[in-house]
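In the UniProt record's numbering, the protein residues as written are 1 to 177.
Have a look at the structure below before the remarks.
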DNA sequence: AAAAGGTCCAACCGCGGCGAG
DNA sequence: ACTCGCCGCGGTTGGACCTTT
């Protein structure tokens with residue numbers, strides 16, 4: 001049995017209050033992100049580090065774009081999911097201001113149903129989880145690689161080809177499906 | 001008007017990878 | 001080479017809100 005990520009005694013759970021949000025925002029504005037395990041204590045929050053990280057990334061970050069997804073975003077999610085499967089963080093990385101959680105929720109509540117209504121199995125291009133890291137680590141947030149997509153969907157068939165190339169010093173990544 | 005069912009989204013959970021020691 | 005702790009990820013859940021009957 002794995003140890004819990006933090007001491008669950010004396011930590012709050014559930015919805016965040018405005019005061020908690022403000023404490024976290026103030027702390028990160030002053031000191032920046034990083035060391036999530038230490039942040040709750042330093043910011044005076046009775047939360048576990050993971051909870052703080054999630055709250056910041058999914059809700060409090062100033063560059064977040066709230067509201068409905070546009071048609072272009074929806075289209076891009078379709079294409080990227082076809083290429084990458086359930087790699088929500090990678091998909092979200094191509095959508096400025098969107099989080100992996102937001103993309104995942106939108107997929108599960110809207111896009112999945114659209115695919116099913118068109119007779120397309122939304123899971124058939126799923127990529128095994130164990131293949132994840134080789135791709136994630138070639139993808140540095142500040143140096144997003146160019147992504148080229150060619151996608152044939154005229155009859156709903158799974159004809160897709162894509163490539164991701166990173167022309168920075170880290171190893172070049174190419175992904176063909 | 002109210003109960004039942006459905007939808008959506010914020011938040012939690014547990015796992016796997018990675019780096020430090 | 002191995003262990004341990006942290007971080008980030010995808011899957012899942014709980015409950016608030018909305019729609020239908």
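Even for Gly, the Cβ is constructed at its ideal location relative to N, Cα and C.
Of the residues 68, 43, 24, the one whose Cα lies closest to the Cα of residue 109 is 68. Between the alpha carbons of residue 112 and residue 55 lies a distance of about 25 Å. Counting along the chain, residue 49 sits inside the alpha helix (DSSP H) bounded by residues 49-55. Contact holds between the segment 18-25 and the segment 36-47, because three or more Cβ pairs, one in each stretch, are under 8 Å apart.
Counted as a single uninterrupted DSSP element, the alpha helix (DSSP H) harbouring residue 27 occupies residues 18-31. Residue 86 sits in coil when the DSSP states are folded into three classes, being neither helix nor strand.
Residue state for residue 38 is assigned as coil, using DSSP reduced to three classes. With 16 or more other Cβ atoms from the protein chains shown falling within 10 Å of its own Cβ, residue 51 counts as buried.
By the Cβ neighbour-count rule, residue 92 is buried, with 16 or more other Cβ atoms within 10 Å of its own. Exposure of residue 114 is indicated by the presence of fewer than 16 other C-beta atoms within 10 angstroms of its C-beta.
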